[in-house]
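Report on the following structure.
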Amino acid sequence: METGLWSILICLSLSFSINTEALTKHPILTRIRRAPEAGAEPKKCSYTFLVPEQKITGPICAARGYSTDKDRVTRLDVAAVRDLLSKQRREMETLKLVVDVDGNLVNEMKLLRKESRNMNSRVTQLYMQLLHEIIRKRDNSLELAQLETRILNATTESLRLSSRYRELEAKYAALSAIVNNQSVIIGALEERCMQVYSRKQEPPLMGPPMVQVVPENIPVNVPRFTNEIQRDNTRAFGRERGSRSGPSPTSGTLEAQETPHRNFSAEGPFRDCLQAQEAGHSTSGMYVIKPDEAERPLQVWCEQGIDNGGWTVIQSRRDGSVNFFRNWDNYKSGFGNIDGEYWLGLEGIYLLGKQLDYKLLVELEDWMGKKVYAQYNSFHLEPESEGYRLRLGAYQGNAGDSLTSHNAKQFTTLDRDKDAFSGNCAHFHKGGWWYNACGQTNLNGVWYNGGVYRSKFQDGIFWADYGGGFYSMKGVRMMIRPID
Ligand SMILES: [Ca+2]
């Protein structure tokens, strides 16, 4: 060596053997498994150390087998080692990353477990709620079933009562028929007795023929299950017989009318109740009217509550408080109480009907509280010189037509007989009416309490087509209104 230095070559063989198999077996590393490098033999490398020149004092150790390019090989080895170290460092970093990822996964797992526990808790809560709901619904079903049972029981009971009620109705109708027939028989027997035992030679009093005995619609069919409170009839009952005032009519004049305290309109006079209504008076009550040719105003009851209102009431019966067995003058001028029972008067009715074309509505109320109607599409009276002859139009309604047979008849009272019967119908029917011989209706007759009545003659307030001749109505109203 020219430098005077000698070299000692120490060959170091470093063997780096990385057990990659052990790494690839790690479960976490499966994702980063790499293919093994081909020819991954333990690599060798050489290092060259330079030492200062020394005097040779001993044996010289000469290296064998090292050629002149040994320095180049050593650098390659160093580079290879560095590369390997770098690779290992990267692998270490990769492993570190993997470990970090693993840690994150563990955290995620923990979170998921916690979430799962929460979900379990929530599911359990929901299950409990569901269970509670099911139990509650089952209880509701039970209550519903109990309620249905009760309704069924009530319905059964109601049907049973209804059936019982119909039976009673039928019995009542049958009994009414018997009473009617008995009244007729008794009347006939009384007449025969009079004939047999009368010491007088004068002919016996023969009554008019009876109207039909048992009509088809005897008033027993009333609306069922009504909530209406039955009105107290005890007050009227005391007057039942009192309203029959004996064979002679009262000769009194128009009864003093009570001072109206309510439902009274001081306005007017109006032509009729329709005009009052058109003037803005929409409530029923007492009004003053004055027909066109009337000498003095009249008090009337205006019915504004039924069938669009505007009805002038010309006759009213409801409690037997007024005697209707009266003479001609009374029937001509009118009598009674405007807020109770009254007759407007033939002259007033005549004057009303003279000013406009009117129609007539007859309202009947039976003792079961049921109301039926008969309406005639025209109505007026002829003047007194014609005996206030009745002029009626066509019938419509649900009461049956018992008035048309009285059409074109003059008015009869006990003291003025204009009827078609040999005797005086007012005498037998105890009222004043447009009698024929004598008639199918007697709305000014005797007010009997309770409906079916017993009498020698048919003198009750009857409407033959509704109840027959021996059924006296509880209430009657006759009212008129101009034709629309
Ligand atoms: Ca006569």
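Going letter by letter, the sequence shown gives residues -22 to -1, 1 to 462 in mature numbering (1 follows the signal peptide of the UniProt record, and there is no 0).
Backbone N, C-alpha and C fix where the C-beta goes; we use that ideal spot for every residue, glycine too.
Note that the structure is a prediction, hence the values are computed from the model and not measured.
Buried or exposed by the 16-neighbour rule on C-beta atoms within 10 Å, applied to residue i
i: V430; result: buried
i: S363; result: exposed
i: P187; result: exposed
i: Q277; result: buried
i: C171; result: exposed
i: G283; result: exposed
i: I458; result: buried
i: D451; result: Per the sequence shown, the amino acid found at residue 451 is Met instead of Asp. Under this definition M451 is a buried residue.
i: L370; result: buried
i: Q66; result: exposed
i: residue 463; result: Not covered by the structure: residue 463. The range shown for the chain is -22 to 462.
i: residue 471; result: The shown model of the chain, from -22 to 462, leaves out residue 471, and the question about it has no answer.
i: residue 463; result: It is not possible to answer for residue 463, since the shown part of the chain is limited to -22 through 462.
i: E325; result: buried
i: L322; result: buried
i: A352; result: buried
i: G81; result: exposed
i: D437; result: buried
i: I113; result: exposed
i: E115; result: Residue identity check: residue 115 is Lys in the sequence provided, not Glu. K115 should be labelled exposed.
i: S94; result: exposed
i: N131; result: exposed
i: H110; result: exposed
i: V350; result: buried
i: S161; result: buried
Residues that residue i bridges to, as DSSP identifies them
i: P460; result: Y336
i: G453; result: E343
i: R100; result: BP columns for R100 are empty, so no partner.
i: V162; result: Its beta-bridge partners do not exist; DSSP assigns none.
i: S294; result: Y320 and R455
i: L368; result: L359
i: V424; result: G438
i: F248; result: I267
i: Q394; result: For the record, residue 394 in the displayed sequence is Arg; it is not Gln. Answer is T391.
i: W289; result: E281
i: V430; result: Y449
i: T419; result: W441
Cβ shell of residue i (< 7 Å), same chain only, five flanking positions each side left out
i: L368; result: L359, H384, N385, A386, K387 and W412
i: M106; result: none
i: G453; result: R295, R296 and E343
i: C416; result: P186, D397, F399, C403, F406 and H407
i: G409; result: F302, F303, N420, N422 and G423
i: residue 470; result: Given that the chain is displayed from residue -22 to residue 462, the structure contains no residue 470 and the question cannot be resolved.
i: P247; result: V266, I267, K268 and P275
i: P361; result: Y328
i: Q235; result: Unreliable placement is indicated for Q235, whose pLDDT of 37 sits below 50; the coordinate value is still reported in the next sentence. Contacts found: Q277, N315 and I316.
Segment limits, alpha helix (DSSP H) that includes residue i
i: F406; result: C403 to H407
i: Y309; result: W306 to S311
Test: residue i CB closer than 8 Å to a CB of chain C
i: V84; result: Of the protein chains in this structure there is only one, and it is not chain C.
Residue range of the unbroken beta strand (DSSP E) whose run includes residue i
i: Y251; result: Checking the sequence shown, residue 251 turns out to be Cys, not Tyr. Per DSSP, C251 belongs to no beta strand (DSSP E); it is in the alpha helix (DSSP H), C251 to E256.
i: Q374; result: Y373 to G375
i: E319; result: First-last for E319: undefined, no H or E at that position.
i: Y265; result: G263 to I267
i: F357; result: K349 to L359
i: E281; result: L276 to E281
6 Å CB neighbourhood of residue i in its chain, flanking five on each side removed
i: Y320; result: S294 and G314
i: R455; result: V291, S294 and E341
i: A272; result: L329
i: P269; result: L329, L330 and Q333
i: residue 468; result: Absent from the model: residue 468. The displayed extent of the chain is -22 to 462, so no value can be given.
i: I461; result: D335 and K337
i: G365; result: Q388, F389 and K396
i: W306; result: T391, D393 and R394
Residues near residue i in its chain [Cβ-Cβ closer than 8 Å; skip 5 each side]
i: I164; result: R432 and K434
i: S99; result: none
i: R128; result: none
i: S262; result: N241, W279, C280, E281, Q282, G283 and G287
Proximity test, residue i beta-carbon vs ligand 3 heavy atom, cut-off 7 Å
i: G401; result: Judged by which ligands are present, ligand 3 is missing from the structure shown, whose ligands are ligand 1.
| request: Would you be able to state if there are at least three C-beta pairs under 8 Å between the region 243 to 254 and the region 286 to 301? | output: yes
| message | Count Cβ pairs between the region 394 to 403 and the region 375 to 384 that sit closer than 8 Å; are there 3 or more? | response | Short answer: they don't touch.
| said: I'd like to know if the region 372 to 380 and the region 440 to 449 are in contact, where contact means that at least 3 CB-CB pairs between them fall below 8 Å. | reply: yes
| Are the region 157 to 172 and the region 418 to 434 in contact at 8 Å, needing three or more beta carbon pairs? | yes
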